[in-house]
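In short: position in the sequence shown from 1, add 74, done, that's our numbering.
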Amino acid sequence: MSAVFGLVYRDGEAARAVEPWLLRKMAQSLLHRGPDGQGIWHDGPAGLGHLLLHTTPESVGERQPLHDAGRGLAATVDARLDNRAELLAALDLPSSATDADLVLAAYARWGEASPSHLLGDFAFVIWDGGARRLFCARDHAGVRPLVYASVGGLFACASESKALLTLPALTGERDEAQIADFLLGEPADAAATFYREIRRLPPAHTLTVDGAGPRLQRYWSPSDVPERRLGSDAAYADAFRETFAEAVRCRLRSGQPAGALLSGGLDSSSIVCVASAMQPAPLPTFSCVYDAVPTCDERQYQQLVLHARPCTWTTLAADDLSPLSYLDELTIQAEGPPFGPGLASQVALYRLASAAGVRTLLDGHGGDEVVSHGEGYLSELALAHRWPALLREVRGVARTYDEAAWSMFATYARFGLSTSATFRRLWRAGGAVWHGVRRTTPQPAGEAPRLGVVLPALAARVNLADRVRERQRAQARAARTERGLHLATLDDGRQPLALEVLDRIASAAGVDPRYPFWDKRLVELCVSVPAEQKLRGGWPRSILRRAMEGILPPAIQWRADKTDFSPSLRRGFLTFERQRLDAALLDGSPELDAYIDRAALRQRYDRWLTAEQGDAHGDIHHIWRAMALGRWLQLTDPVHQQASPVRGVFSQGLPAAQLHLGA
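Below, the structure written as structure tokens:
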């Protein structure tokens, strides 16, 4: 995806002019995002820049930043818009208009309300010279990133923090609260970064900057979507199928060959089956395969899709990769310690697609969150004392996941029947929420939250325990209804963070990932349907399964399991990285001492080493996060490097001859 960046001095009439060399330094740090062209525009107190990656047919030949001298507007835009026909008609523009043209014209027409008229993925920055204000906006899900900093009279924004860290006004001070949340596995703040001075523009928000300072405003929320009642189960399935197909079709609009990731799961397989029917040539697909750890291998499902649909297939031997492969690159690209231990295979898949000439890559990310498993429906039934319906659904879930029906029923029945204050305190403290095949049990009231490997002194400095308690209370409140749980999942700060990390590692590979499940229309549909459409007969995500009738191979359509990749991660760590793990986690890494409880980390590491398979959902993630944090601290500490990658390599100036300087 392309890069956008901008500067404005907001000192009123006495504001000084933007220095072009600052814009060139920002451009230098973002070159990996713009292989197809670069440009800079500046006028008085404002300056904008753009680095272009061609991803739509209209973008070929595009030059940004855009400048409308008559209206006193300039814009830098990273966007793929899906309602082009509607916008072209409303704004009276020719069909050759680029998505950036549409964004600028939409602002000229609707001003700060313009993001509400846009459908698709976007992040843009517009300088309105007449109003002397900078206007920024980000799409509803946060697919396209935008970060900003406001220091003194200077406001700066960009697609990545690297560009902001080139500015002398920023210190690069780390945000300890974000570090603690990361170590705990709960980076839930949608605005925080690992740098205290830098903030992320949250999804579905605009930011207006003028003499009064930055002002945030939310322009869309899934909570505003009303419930939708249709006449039959078939009508819901039809509505989902039509909306999903349109979401896939829009994301196939590309100026370069389009392909898709194919894991073999419900989400990626649905995308591939729908997309392949829309393409004149076989759809290129890319998959991970596992020979050393057969329990992680999903070839049987991938091949079912390939036999049913016209596709080409390129595979990656993922168990030949160390989980720490590309760790330095990932750390620099992600602009912080990478959150997921499986990102090495994602980097390799992006590079595989890029080498095959595929620049647009459809991805099933977000399917679980957008469609929802429907687990909140069981809480609803219990609270409403609808015992026959609850028993029916619990029996179905037990069949699907081979669990004990009566034990599960008793858990929800106790919740629904209880009127005791003690039970209510337990519920608020933790909740008993079924999620796929895993349930969490209430945590006794008054018990200190479990803080993993976070150093107690750090936890105290950032008030971590109280923040965790508040998150638990909010989660418990949300889990009382399916809609509440669904909305809380969609609004979780971890969702845009995951999209941002994927954006940055994909951009470094020259790939544009696109996510049909995060289509705004599909999000609104899934939020609007009744709970019983999401969990039906014991089948989670029922509406998607029914909508894919005749499209997906039945073995995938009614697949109940999700592959646990922790055995492959365990093998990768122990095969390739045991010495490195011991050195970092046992021998000590001084950088970590200010953040990590060494005894707690040692205990988890020893337990993981001695267990037959390790704790798939606990210890492995603490181990990864400790390793990732330690490496990030080293890479960003000038004591360990003469010039750190963040403030050194990315702060070198770019010769003016390589940029298209505007007046």
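Positions of the beta carbon are idealized from the N, C-alpha and C atoms, including for glycine.
Local Cβ density within 10 Å of residue i, reported as buried at 16 or more and exposed below that
{"i": "Gln631", "result": "buried"}
{"i": "Ala264", "result": "buried"}
{"i": "Glu606", "result": "buried"}
{"i": "Glu443", "result": "buried"}
{"i": "Ser224", "result": "buried"}
{"i": "Val597", "result": "buried"}
{"i": "Gln420", "result": "buried"}
{"i": "His279", "result": "buried"}
{"i": "Val322", "result": "buried"}
{"i": "Arg274", "result": "buried"}
{"i": "Phe79", "result": "buried"}
{"i": "Thr129", "result": "buried"}
{"i": "Ala534", "result": "exposed"}
{"i": "Ser297", "result": "exposed"}
Cross-strand partners of residue i (DSSP beta bridge)
{"i": "Leu455", "result": "In the DSSP output, where bridge partners are listed per residue, Leu455 has none listed."}
{"i": "His279", "result": "Arg292"}
{"i": "Pro587", "result": "Leu435"}
{"i": "Trp613", "result": "Arg610"}
{"i": "Cys324", "result": "Beta-bridge pairing links Cys324 to no other residue."}
{"i": "Phe198", "result": "Val151 and Ala211"}
{"i": "Ser361", "result": "Thr389"}
{"i": "Val367", "result": "Paired residues: none, contrary to the question."}
{"i": "Asp284", "result": "Gly287"}
{"i": "Val528", "result": "Ile670"}
{"i": "Ala266", "result": "Arg273"}
CA-to-CA distance, residue j to residue i, given in whole angstroms
{"i": "Trp480", "j": "Ala349", "result": "42 angstroms"}
{"i": "Leu208", "j": "Trp201", "result": "5 angstroms"}
{"i": "Ala738", "j": "Asp307", "result": "Look at the range of the chain in this structure, 75 to 737, and you will see that residue 738 is not part of it."}
{"i": "Ser344", "j": "Leu655", "result": "38 angstroms"}
{"i": "Leu500", "j": "Arg554", "result": "Summary for Leu500: the model assigns pLDDT 46, below 50, so the residue's position carries little reliability; its value from the coordinates is reported in the next sentence. Between Leu500 and Arg554, the C-alpha separation is close to 14 angstroms."}
{"i": "Gly688", "j": "Trp613", "result": "Note on Gly688: pLDDT 47, under 50, position unreliable in the model; the coordinate value appears next. Going by the C-alpha atoms only, they are around 29 angstroms apart."}
{"i": "Glu449", "j": "Ala211", "result": "33 angstroms"}
{"i": "His714", "j": "Gln708", "result": "The predicted position of His714 is uncertain, since its pLDDT is 45 and thus under 50; no value can be drawn from it."}
{"i": "Pro356", "j": "Ala430", "result": "14 angstroms"}
{"i": "Val720", "j": "Asp577", "result": "Below a pLDDT of 50, predicted positions are generally treated as unreliable, and Val720, at 43, falls in that range; no measurement from the model is reported."}
{"i": "Ala382", "j": "Pro627", "result": "7 angstroms"}
{"i": "Arg98", "j": "Val283", "result": "22 angstroms"}
{"i": "Arg620", "j": "Gly121", "result": "51 angstroms"}
{"i": "Asp661", "j": "Gly692", "result": "22 angstroms"}
{"i": "Val527", "j": "Pro641", "result": "22 angstroms"}
{"i": "Lys636", "j": "Glu93", "result": "53 angstroms"}
{"i": "Glu271", "j": "Leu220", "result": "14 angstroms"}
{"i": "Asp394", "j": "Leu659", "result": "23 angstroms"}
{"i": "Gly704", "j": "Leu666", "result": "6 angstroms"}
{"i": "Pro300", "j": "Leu155", "result": "24 angstroms"}
{"i": "Pro168", "j": "Leu452", "result": "52 angstroms"}
{"i": "Ala408", "j": "Arg488", "result": "44 angstroms"}
{"i": "Lys236", "j": "Pro590", "result": "28 angstroms"}
Range covered by the alpha helix (DSSP H) that runs through residue i
{"i": "Ile272", "result": "Note, Ile272: premise wrong, no alpha helix (DSSP H); beta strand (DSSP E) at Ile272 to Arg274."}
{"i": "Arg757", "result": "Residue 757 lies beyond the residue range present for the chain, which begins at 75 and ends at 737; the question has no answer from this structure."}
{"i": "Tyr375", "result": "Arg373 to Ala382"}
{"i": "Val348", "result": "Leu340 to Ser350"}
{"i": "Gln252", "result": "Glu250 to Leu258"}
{"i": "Gly490", "result": "Ala479 to Leu491"}
{"i": "Lys236", "result": "Ser235 to Leu238"}
Residue i - containing beta strand (DSSP E), residue span
{"i": "Thr388", "result": "Cys385 to Ala391"}
{"i": "Phe229", "result": "Leu228 to Ala232"}
{"i": "Tyr222", "result": "Val221 to Val225"}
{"i": "Val78", "result": "Ala77 to Tyr83"}
{"i": "Gly333", "result": "Ala332 to Leu335"}
CB contact check: residue i to chain C, cutoff 9 angstroms
{"i": "Ser235", "result": "Among the protein chains of the structure shown there is no chain C, as only one such chain exists."}
Segments assigned beta strand (DSSP E), at least 3 residues, entirely inside the region 113 to 193
120 to 125, 140 to 142 and 147 to 155
Which parts of the region 397 to 450 are runs of the beta strand (DSSP E), unbroken and 3 residues or longer, counting only runs that do not cross its ends?
434 to 436
Kindly provide the ranges of any alpha helix (DSSP H) runs that are 4 or more residues long and lie completely inside the region 672 to 701, ordered along the chain.
The region 672 to 701 contains these whole alpha helix (DSSP H) runs: 672 to 684.
Let me know the beta strand (DSSP E) ranges lying completely inside the region 535 to 588, each 3 residues or longer, listed in chain order.
586 to 588
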